[in-house]
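When we follow full-length UniProt numbering, the leftmost residue of the sequence shown carries the number 1, and every step to the right adds one. In what follows, a single structure is set out as structure tokens and then discussed.
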Amino acid sequence: MEQQATEIIVASRAALTQASALAVQYSFSILGALVLLVLGWFLSRLLHRWALSGLSHVRGIDMTLAHFFANILRYAVLILVFVTVLGQFGVQTASIIAALGAAGLAIGLALQGTLQNIAAGIMLLVLRPFRVGEYIETKDVTGTITEVGLFATELRTSDGLYRLAPNSTLWNTPVTNYSRERTRKHDLQVTVPDNRDIDDEIDRLLDIAREDPTIESAPAPQVFIDSLGESSATLTLRYWVSTPQWFRTTREMNRRVRIAFGQKLGGPEPEPAPAE
Numbered sequence: 001m002e003q004q005a006t007e008i009i010v011a012s013r014a015a016l017t018q019a020s021a022l023a024v025q026y027s028f029s030i031l032g033a034l035v036l037l038v039l040g041w042f043l044s045r046l047l048h049r050w051a052l053s054g055l056s057h058v059r060g061i062d063m064t065l066a067h068f069f070a071n072i073l074r075y076a077v078l079i080l081v082f083v084t085v086l087g088q089f090g091v092q093t094a095s096i097i098a099a100l101g102a103a104g105l106a107i108g109l110a111l112q113g114t115l116q117n118i119a120a121g122i123m124l125l126v127l128r129p130f131r132v133g134e135y136i137e138t139k140d141v142t143g144t145i146t147e148v149g150l151f152a153t154e155l156r157t158s159d160g161l162y163r164l165a166p167n168s169t170l171w172n173t174p175v176t177n178y179s180r181e182r183t184r185k186h187d188l189q190v191t192v193p194d195n196r197d198i199d200d201e202i203d204r205l206l207d208i209a210r211e212d213p214t215i216e217s218a219p220a221p222q223v224f225i226d227s228l229g230e231s232s233a234t235l236t237l238r239y240w241v242s243t244p245q246w247f248r249t250t251r252e253m254n255r256r257v258r259i260a261f262g263q264k265l266g267g268p269e270p271e272p273a274p275a276e
């Protein structure tokens, strides 16, 4: 009995000693892990603010894109800290990194369309083929840009409707931007019978154009004979106007020339007015 009691006491002391050693060992690991987590958290916040501040001062970088890259940097630091903390407890981090890579690949394949929109959104924000407030037209989408996001672009149509277009559809198709250039050209055609003096009609068209203050003086308005018929000639009045005034000026010139010549006007019909 005494021998058994002695063996129990010895085993208990050995177990207590081992438990104390493990407690000391893992207490330092836990303390180190907590320190790493706290430092990693503050470092990620600091790098996030630094990246956001730095990118916001770069000319041409959209704030949406700046927030996106700053968040990527922050979460990359947090993931690195998490993997390092697991290494403190003897976890094989190589297998974790491989698992994260496999999970990322699987998620990428599952969200292929979404990632395509994100990539297109980044290119749209970097290259800026259009900005908020500009009026654009594509094969499928027409309207005024209200917001350019990472996934989709919001537009307002000329009749006041809301439209959401995935970024990939805007990136993979030609885009006509009606608001980007400072001035725009307009051709207005008038048919003149042979019994009228062509030079007088040309001067009259030029006088009408010069009376409008919104029409650019350089390049100056010009009138030329576009085509000849059996008993008439088609004159084209070509002028340039500032882009914000283009729609109003073209409509007003149509009205004034229609009154002056008393006939139906030719030439391409102006595009719908961009939504305000």
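Ideal Cβ positions, reconstructed from N, Cα and C, are used throughout, including at glycine. These numbers were taken from a predicted model, which means no experiment stands behind them.
Between the CA atoms of residue j and residue i - distance to the nearest angstrom
i	j	result
Gly-172	Thr-234	The sequence shown places Asn at residue 172, rather than the Gly named in the question. In a straight line, the C-alpha of Asn-172 is about 40 Å away from that of Thr-234.
Ser-168	Val-38	40 Å
Glu-230	Asp-194	9 Å
His-48	His-57	14 Å
Tyr-162	Leu-34	49 Å
Pro-174	Gly-54	33 Å
Ala-165	Ala-120	12 Å
Gly-149	Val-126	12 Å
Arg-248	Thr-138	23 Å
Gly-267	Asp-187	Bear in mind that a pLDDT of 49 at Gly-267, under 50, signals an unreliable position, so the model cannot answer this.
Pro-244	Glu-147	20 Å
Val-83	Val-77	10 Å
Gly-262	Asn-254	11 Å
Gln-116	Met-123	11 Å
Tyr-75	Ser-158	41 Å
Ser-242	His-67	35 Å
Ile-225	Leu-170	39 Å
Val-257	Ala-220	18 Å
Arg-45	Arg-180	38 Å
Arg-128	Trp-240	25 Å
Phe-42	Ile-79	14 Å
Leu-86	Arg-182	59 Å
Cβ-based neighbour list, residue i, same chain, cut-off 7 Å, excluding 5 preceding and 5 following
i	result
Ala-51	Phe-69, Ala-70, Leu-73
Ala-260	Arg-204, Ile-208
Ile-145	Phe-130, Arg-131, Val-132, Gly-133, Glu-134, Ile-136, Thr-153, Leu-155
Val-81	Leu-36, Leu-37, Gly-40
Ser-232	Thr-191, Val-192, Pro-193, Asp-194
Ser-227	Thr-234
Leu-206	Pro-221, Val-223
Arg-196	none
Supposed close pair residue i, residue j - CB separation, criterion 8 Å
i	j	result
Arg-210	Gln-222	At roughly 11 Å, the Cβ-Cβ gap does not stay under 8 Å, so Arg-210 and Gln-222 are not in contact.
Thr-236	Gln-189	5 Å
Start and end residues, beta strand (DSSP E) containing residue i
i	result
Val-257	Taken as a continuous stretch (DSSP letters only), Val-257 belongs to no beta strand (DSSP E), being part of the alpha helix (DSSP H) at 246 to 261.
Arg-156	152 to 156
Ser-232	232 to 242
Thr-144	142 to 148
Val-192	183 to 193
Val-223	222 to 228
Glu-137	135 to 137
Minimum Cβ-Cβ distance from residue i to chain C less than 8 Å
i	result
Ile-145	The structure shown contains no chain C, having only a single protein chain.
Beta-carbon proximity list for residue i, same chain, < 6 Å, skipping 5 on both sides
i	result
Val-141	Ala-165
Trp-246	Arg-184
Gly-143	Leu-155, Arg-156, Thr-157, Arg-163
Ile-118	Leu-150
Tyr-178	Tyr-135
Boundaries of the alpha helix (DSSP H) in which residue i is found, first to last residue
i	result
Glu-201	198 to 211
Thr-169	167 to 171
Close Cβ partners of residue i (< 8 Å) along its chain, the five nearest in sequence each way excluded
i	result
Thr-176	Ile-136, Glu-137, Thr-138
Ala-218	none
Practice problem: Inspect the CB distances between the region 213 to 221 and the region 192 to 200 and report whether three or more fall short of 8 Å. | Solution: no
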